[in-house]
Amino acid sequence: MNYRDMSMGELLALAPPGWGGALLDGLWLSLQVAGGGYLLGLVIGMAGAAGKLSGGPVIRDLLACYTTGIRAVPELVLILLLYFAVPEALNRVSAMIGLGEVSIGPFASGIAVIALVQGAYATEVMRGAIRAIPRGQIEAAHSLGMSPAKTFRRITLPAMLPGALPGLSNLWLIATKDTALLAVVGFTELTLAARQAAGATKHHLLFLCAAGVLYLLVSLVSNLFFKALERRATRGMPHG
Amino acid sequence: MAERRLPPHRLLLIAVAVLAITLIALHMRWGWLVDYRDAILDGLWLTLVLLVTTSAAGLLLAIPLGLVQVTGPRPLAWLAQGFCTLIRGTPLLLQIWLLYYGLGSLFPYLPGMRQSWLWPYLIESWPYAFAALTLSFAGYEGEVMRGGFAGVPKGELEAARALGMHPLTILRRIWLPRAVQRVLPTLNGELIIQLKATPLVATIAAVDTYAVFGRIRQETYMVYEPLLLMALIYLVLAGLITLACAALERGWSDDSGSR
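Here it is as structure tokens:
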């Protein structure tokens, strides 16, 4: 294929001689991994915040180890650990109890790494937001006989959202950017797709810039979305 | 706090941790450490050099970036804001590759570039690593500095102006020190993020700590040991950064308090 004489439009075209379709496929994979990791991270963060605020001393110490450790080790190292070491360990265990090979695909381990990292940061964000809720509001809910689940859904969650949203929107942006690290273990998300397109066509600058524009669009659109969400969460508040 | 005895559950946790570390030290293979000691130290050195130089250079760039966003002529402010958005909106790995593979592929075609004194540097990978990490740190820290400059109480600046200080003197004596003081608590986190960003330079063939351990893994076919030691090294580095920042913050506030 002679890429040298093709125009920019032809190179970025969606159909095969162009590489636009490959970039969009990469973007879609990136968004899936980021979305999955982010949602799972929110669940971990919620559980972590609950544990840190109302767990026993052992749970609190273990959670402190988790959040400190994860936040101090580079994501790239964590990805390698999860991608190479955990499947190996699982295989040894499953061989010991007589089961077959387990294999964790790049997609699943990508989501797992992002969820673990996001969970550590989300724990801190949510803990701060929950602690900022006036104690009386939750006590009032208890005294009205609400169950813990109902208290959480009706009182804690809406009251913590304004405090947590700026941090959570930041975390989502970090999640989308962290997916790029999966390129290092050969997962064809947007950055690696751009790199492959660049390598095949020798138009390095064009494709890496195109990927950059796509990332930028994602972050700008997410910003608009989170701004709107924040406006909704803080409606009726004095400094909304 | 220090005099109080450790609660029993913490003693138990410490015992478990010590047991795990002893098991890891005794039952895993660590013989390769002797062969690779020099390589690891070299990698560690590059990681530290990159961390220190890029954060220092990034911080210097961040000061004008933050300043023009608060005072600057409109076009400069927009430019600075655009730069910060660009850096913060794209992954660092992409920025590194864009500089190394993208820009790097253009340089040979520039007329006269191969003969210039720059050429020997442009075919190495560390200038690209340095540039990308510096720009990234400047982008994130520029946003933080903007907040720092904007947050200095107006009265202090007005007082300085009323005393007839030159605008540059105000910047040097009042505005900048006060802004830096406000920004200092966030420096710890930013530095740790920068530390965690340095392994990305291994993807453009710069041999830092991460790259050395990658080589060890390939050559020895070991899965756990190199990865665990590498994670430990980064943990220790992050801990050292936190200690240094705490000392710096104490020093800075003592200093400004006594004056």
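Residue numbers (my numbering), protein chains in the order written: chain A, 1 to 240; chain B, 241 to 499.
No residue lacks a Cβ here, since even glycine has one placed at the ideal position from N, Cα and C.
If you're wondering where the values come from, they're calculated on a predicted model, not measured in any experiment.
Do residue j and residue i have their beta-carbon atoms positioned less than 8 Å apart in this structure?
| i | j | result |
| --- | --- | --- |
| Ile70 (chain A) | Ala120 (chain A) | yes |
| Val392 (chain B) | Arg418 (chain B) | yes |
| Leu208 (chain A) | Ala200 (chain A) | no |
| Glu189 (chain A) | Gly26 (chain A) | yes |
| Ala478 (chain B) | Ala64 (chain A) | no |
| Leu501 (chain B) | Tyr368 (chain B) | Given a span of 241 to 499 for chain B in the structure shown, any question on residue 501 (chain B) remains unanswerable. |
| Val177 (chain A) | Pro331 (chain B) | Strictly speaking, residue 177 (chain A) in this sequence is Lys, with Val absent from that position. Yes, they are a contact pair. |
| Thr287 (chain B) | Thr438 (chain B) | yes |
| Ala500 (chain B) | Val77 (chain A) | In this structure chain B extends from 241 to 499, so residue 500 (chain B) is not present and cannot be described. |
| Leu42 (chain A) | Ala194 (chain A) | no |
| Thr294 (chain B) | Leu362 (chain B) | no |
| Val102 (chain A) | Ser109 (chain A) | no |
| Pro106 (chain A) | Gly186 (chain A) | yes |
| Gly379 (chain B) | Arg328 (chain B) | yes |
| Ala129 (chain A) | Ala164 (chain A) | yes |
| Phe377 (chain B) | Gln321 (chain B) | no |
| Leu305 (chain B) | Gly382 (chain B) | yes |
| Leu307 (chain B) | Phe389 (chain B) | yes |
| Ala49 (chain A) | Arg127 (chain A) | yes |
| Asn428 (chain B) | Ile473 (chain B) | no |
| Trp272 (chain B) | Thr449 (chain B) | no |
| Leu440 (chain B) | Ile414 (chain B) | no |
| Ile44 (chain A) | Ala122 (chain A) | yes |
| Arg154 (chain A) | Met146 (chain A) | yes |
| Leu312 (chain A) | Val213 (chain A) | This structure gives no information on residue 312 (chain A), because the portion of chain A shown stretches from 1 to 240. |
| Leu467 (chain B) | Leu80 (chain A) | yes |
| Arg455 (chain B) | Asp61 (chain A) | no |
| Val33 (chain A) | Leu157 (chain A) | no |
| Leu161 (chain A) | Gln118 (chain A) | no |
| Thr179 (chain A) | Ala211 (chain A) | no |
| Val384 (chain B) | Thr426 (chain B) | yes |
| Tyr341 (chain B) | His204 (chain A) | yes |
Identify the continuous alpha helix (DSSP H) that holds residue i and give its terminal residues.
| i | result |
| --- | --- |
| Arg92 (chain A) | Val86 to Met96 |
| Leu39 (chain A) | Gly20 to Ser54 |
| Phe347 (chain B) | Looking at the DSSP string, Phe347 (chain B) is not in any alpha helix (DSSP H), and its letter there is neither H nor E. |
| Gln196 (chain A) | Leu190 to Thr201 |
| Gln355 (chain B) | Unbroken run through Gln355 (chain B): none, as it is neither H nor E. |
| Ser222 (chain A) | His204 to Ala233 |
| Thr449 (chain B) | Thr449 to Thr460 |
| Ser109 (chain A) | Pro106 to Arg131 |
| Leu424 (chain B) | Leu416 to Ala437 |
| Val58 (chain A) | Pro57 to Ala72 |
| Arg250 (chain B) | Pro248 to His267 |
| Tyr276 (chain B) | Trp272 to Val310 |
| Phe323 (chain B) | Arg314 to Gly329 |
| Gly163 (chain A) | Leu157 to Asp178 |
| Val77 (chain A) | Glu75 to Leu80 |
| Arg135 (chain A) | Arg135 to Ser143 |
| Thr151 (chain A) | Pro148 to Thr151 |
| Ile444 (chain B) | Note, Ile444 (chain B): premise wrong, no alpha helix (DSSP H); not H, not E. |
| Leu338 (chain B) | Per DSSP, Leu338 (chain B) belongs to no alpha helix (DSSP H) and is neither H nor E. |
Between the stretch 121 to 140 of chain A and chain B, which residues of the former have CB atoms less than 8 Å from a CB of the latter, in chain order? none
Residues within the stretch 300 to 331 of chain B neighbouring chain A, beta-carbon criterion of under 9 Å: Thr325, Leu326, Arg328, Gly329, Thr330 and Pro331
Interface positions of the stretch 172 to 185 of chain A facing chain B (Cβ-Cβ less than 9 Å), listed along the chain: Leu173, Thr176, Lys177, Asp178, Thr179, Ala180, Leu181, Ala183 and Val184
Which residues, in order along the stretch 52 to 74 of chain A, keep a beta-carbon less than 9 Å from a beta-carbon of chain B? Gly56, Pro57, Val58, Asp61, Leu62, Cys65, Thr68, Gly69, Arg71, Ala72, Val73 and Pro74
Closer than 7 Å, Cβ to Cβ, to anything on chain A: give me those residues from the stretch 447 to 476 of chain B, in chain order. Tyr450, Val463, Tyr464, Leu467, Met470, Ala471, Tyr474 and Leu475
What are the residues of the stretch 19 to 49 of chain A that lie near chain B, defined by any Cβ-Cβ distance shorter than 8 Å? none
What are the residues in the stretch 246 to 264 of chain B lying within 7 Å of chain A by C-beta distance? Pro247, His249, Arg250 and Leu253
If the cut-off is 9 Å on Cβ atoms, which residues from the stretch 354 to 382 of chain B count as contacting chain A, listed in chain order? none
What ranges does the beta strand (DSSP E) occupy inside the stretch 359 to 418 of chain B, keeping only unbroken runs of at least 3 residues that lie completely in it? none
Which of the residues in the stretch 148 to 159 of chain A, read from start to end, lie with their CB under 7 Å from any CB of chain B? none
Cβ-based contacts, 9 Å cut-off: residues of the stretch 268 to 292 of chain B near chain A: none
Members of the stretch 417 to 440 of chain B that neighbour chain A once the beta carbon cut-off is set at 8 Å: Ile432, Leu435, Lys436, Ala437, Thr438, Pro439 and Leu440
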